[in-house]
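Quick note on the numbering used here: the sequence shown kicks off at 811 and runs consecutively.
Glycine included, every Cβ here is placed at the ideal spot set by N, Cα and C.
Each remark here refers to the structure printed beneath this line.
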Amino acid sequence: MKNDLLLRVARGERTERPPVWLMRQAGRILPQYREIRSRLSGFKELVETPELACEVTIQPVDELDVDAAIIFSDILVVPEAMGLTYEMIEARGPVFPKVIECLADIENLIPAADAAENLHYVYDAVALTKKELNGRVPLLGFAGAPFTIMAYMVEGKGSKTFSKAKQMLYREPEMAHKLLNAITETTIAYLLKKVAAGADLIQIFDSWAGVLSADDFQTFSLPYIQRIAAALQPLVPVTIFAKDAFHSLPEIAAANCNVVGLGWTIPVAWGRAQMGEKQVVQGNLDPCVLYSELPKVKELTNNMLKAFGPHHIANLGHGVYPDTPLDAVKCFVDTVKEFRY
Ligand code: CP3
């Protein structure tokens, strides 16, 4: 591989500068993405057509010169493969016409091995992208954490509170564990195939971890993430990004992972103190910093890099917002690439 900086840092090596990429770098910030997207029937056509997914995965590598590509897909392909299809509604987000309401709904889900077979379009996209990248940068694979996936499967759409999904945790905890277990088994089968197709690192997104108390996170989320990470870690480095689970950083670091993702609300020095200087971390600039004037983007990016020191993968604290000016994104990436420890 020509540029394996990110993989070396993920494995604990010291390098002369941090690697940099952005969550949601493949998407609406790029005019090239919006152009392709405008010609298609919808988001799912892009996700399900390997040639198109490959093309938009590589766009940010060409345009931004980032140190990693992340396969263009979505965390919601997993519940779909298990039998709950989703619709991506323009300007509203995902909606599931059918949701999980009772034990029979869980028992009727497609078993892990068959569900993983339903995701061939993802493995084809990974294999094609890996070939097209030709070793330029690592290709990252990902999946949602079981709790975040469960939240969509029960709630049926996005939510600020996910109170309907959380209701199951309190009223039917055994049912919740059954569902979480089914999602975990499918996710492991899926990610093993994604790695076999060529993914060089796997990131687990627990985007809604922040709606859980520390106890609930450690009961309903972390043990399942840990099982997934344990299945993958012999093969590739694993990043766990449990957004806003500030209360459980040492536990996350101990959950068979190489890299801990940090949201922007976590102060760098405090996060470091929780896990130690040697723990590889990823993040955590507030995506809204990229609305600043360029000198300020540069200053705040440099401040972040200095605060983290080595064993750091530079990124935002969550996905880049679609209306972020491209010159600010480029300024962020270039600032990291010019930085030296
Ligand atoms: O560049 C990349 O990071 C790779 C692609 C990627 C997408 N979704 C493409 C996408 C990744 C890694 C995801 C993960 C994902 N999807 C998460 C976890 C990460 C996070 O942001 O917390 C979640 C929660 C989802 C579910 C999802 N997908 C929502 C809530 C939405 C609607 C909101 C939005 O941003 O529009 C999506 C749609 C989606 N996924 C888009 C993209 C590029 C936008 C749809 C479009 O282009 O029409």
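Buried versus exposed, by CB contacts within 10 Å (16 or more), residue 848:
exposed
Please state whether the Cβ-Cβ distance between residue 884 and residue 857 is less than 8 Å.
yes
Taking the continuous alpha helix (DSSP H) assigned at residue 1036, which residues delimit it?
1032-1042
Every unbroken alpha helix (DSSP H) within the stretch 830-908, with a cutoff of 4 residues, ordered by chain
841-848, 853-858, 860-874, 887-891
Cβ of residue 1063 within 8 Å of Cβ of residue 1031?
no
Within a Cβ cutoff of 6 Å, which residues of the same chain sit near residue 1150, ignoring the five residues on either side of it in sequence?
826, 827
Please say whether residue 1070 and residue 1117 have beta carbons closer to each other than 8 Å?
no
Whole beta strand (DSSP E) elements within the stretch 954-981, 3-residue minimum
none
Residues sharing a beta bridge with residue 1070, DSSP
1050, 1091
Is any heavy atom in the ligand CP3 found nearer than 7 Å to the beta carbon of residue 972?
no
Inter-residue spacing [alpha-carbon to alpha-carbon] between residue 840 and residue 984
44 Å
For residue 1125, which three-state DSSP category applies?
strand
For residue 889 and residue 1050, the rounded distance between their alpha carbons:
20 Å
Through-space distance from residue 919 to residue 833, alpha-carbon basis
30 Å
Given the structure, does residue 956 come close to the ligand CP3, in the sense that its CB is under 7 Å from one of the ligand's heavy atoms?
no
Is it the case that the CB of residue 1097 approaches a heavy atom of the ligand CP3 more closely than 7 Å?
no
Is residue 1011 helix, strand or coil when you go by DSSP?
strand
CB residue 905 to CB residue 852, shorter than 8 Å?
no
Residue 1025 - DSSP class collapsed to helix/strand/coil:
helix
Buried or exposed (CB count within 10 angstroms, at least 16 for buried), residue 1080:
exposed
To the nearest angstrom, how far is the alpha carbon of residue 973 from that of residue 1092?
29 Å
Given a threshold of 16 other Cβ atoms within 10 Å of its Cβ, counted over all protein chains shown, does residue 1098 qualify as buried or as exposed?
exposed
Taking 7 Å as the cut-off, is the C-beta of residue 904 nearer than that to any heavy atom in the ligand CP3?
yes
Just to confirm, does residue 1036 get its C-beta within under 7 Å of one of the non-hydrogen atoms of the ligand CP3?
no
Under 7 Å from any heavy atom of the ligand CP3, does the C-beta of residue 834 make it?
yes
Residue 1017 beta carbon near the ligand CP3 (any heavy atom closer than 7 Å):
yes
Less than 7 Å between the CB of residue 883 and some heavy atom of the ligand CP3, yes or no?
yes
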